[in-house]
Amino acid sequence: MSLWDDSECETFYADGRASATEACVVRISDGRIVVDANGANGGWMYEGEEVGPDHFSLTSLTHDGKAKLHRCAGDEALDGSWREGGVYGMWRITLGRSEA
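Per my numbering: the sequence shown = residues 764 to 863.
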């Protein structure tokens, strides 16, 4: 399992709201990914499956959300899109300290 503590998620909103940044933890193991944040908004978690090398499809049951994340080989960031109900946007997760 690969674990990145102290990662940072920057969320961009399509409706023009200001972007938000919060700390998160990313875990990838056996074709599964979990992104877990305990931010000021009460926290959230997305989890999902690898659908291609370093390409993930995720869901959040608590936020009725769907998301995609992609990582280029050797990159220290994951980029993608998200949708929660009628709200949607993009996000970038900068990976922090790694524990393999």
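All C-beta atoms, glycine included, are put in the ideal place defined by N, C-alpha and C.
- Taking residue 847 as reference, the option from 826, 861 and 858 with the minimal CA-CA separation is 826.
- Residue 833 sits in a strand when the DSSP states are folded into three classes.
- If you draw a 10 Å sphere on the C-beta of residue 772, you find 16 or more other C-beta atoms in it, and that means buried.
- By the criterion of a C-beta distance shorter than 7 angstroms, residue 839 is surrounded in its chain by 857 and 858, once the five residues flanking it on both sides are discounted.
- Leaving aside the five residues that flank residue 767 on each side, the residues in its chain whose CB is nearer than 6 angstroms to its CB run, in chain order, 789, 858, 859 and 861.
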